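Engineer: Residue numbers (our numbering): 15 to 120.
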Amino acid sequence: EFFDFATALNATCSSNGARGGALLHLDLRSGNAFVATDAAPTGAPRARVLLFDWQCVALGAGELDLAYLIAGSLHVDERRRHERRLLGAYAQRVGVAAGGGVARIV
């Protein structure tokens, strides 16, 4: 029987979501990402970040990938300048995705 990976992955992430689980890349850096452009269903152009090199995938706190990305992809001065804005944007997206307001990043 065909194993439906997408269905199993969705069920796993959904069941762990209540406990704060997220699908982690664990090597999230600019070298493992690229931007692809295509057309949205509305026909408008869009850019999407696509990730590859998923050999370390796990479930856990999404903030781990965010911290790794910020620390490993930005120079110290850039990180200091943009860190709060990036964390705020992340918190807002997490909160909206969870059906609430803005998540709090400590």
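Ideal Cβ placement from N, Cα and C applies to all residues, glycine included. In this text the structure is predicted, and so the values were computed from the model without any measurement.
Given this structure, state the Cα-to-Cα distance separating Arg-43 from Leu-88, to the nearest angstrom.
Structural biologist: So the two alpha carbons sit approximately 9 Å from each other.
Engineer: By DSSP, does Arg-93 sit in helix, in strand, or in coil?
Structural biologist: Helix, per DSSP.
Engineer: Does the Cβ of Ala-32 have 16 or more other Cβ atoms within 10 Å, making it buried, or fewer, making it exposed?
Structural biologist: With a pLDDT of only 48 at Ala-32, under 50, the local geometry of the prediction cannot be trusted, and the value read off the model is given with reservation. It counts as exposed.
Engineer: Should Leu-101 and Leu-73 be called a contact, given that it needs their Cβ atoms to be closer than 8 Å?
Structural biologist: No; because the gap between Cβ atoms is not below 8 Å, this pair is not in contact.
Engineer: For Leu-65, I'd like the list of residues in its chain whose CB is within less than 8 Å of its CB, leaving aside the five on either flank, ordered along the chain.
Structural biologist: His-39, Leu-42, Asn-46, Ala-47, listed in sequence order.
Engineer: Please classify Asp-91: is it buried, with 16 or more other beta-carbons within 10 angstroms of its beta-carbon, or exposed?
Structural biologist: Asp-91 is exposed by the Cβ-count criterion.
Engineer: Can you tell me whether DSSP reads Gly-57 as helix, strand or coil?
Structural biologist: Correct three-state label for Gly-57: coil.
Engineer: Between which two residues does the beta strand (DSSP E) containing Gly-74 stretch?
Structural biologist: From DSSP, the beta strand (DSSP E) with Gly-74 extends over 72-74.
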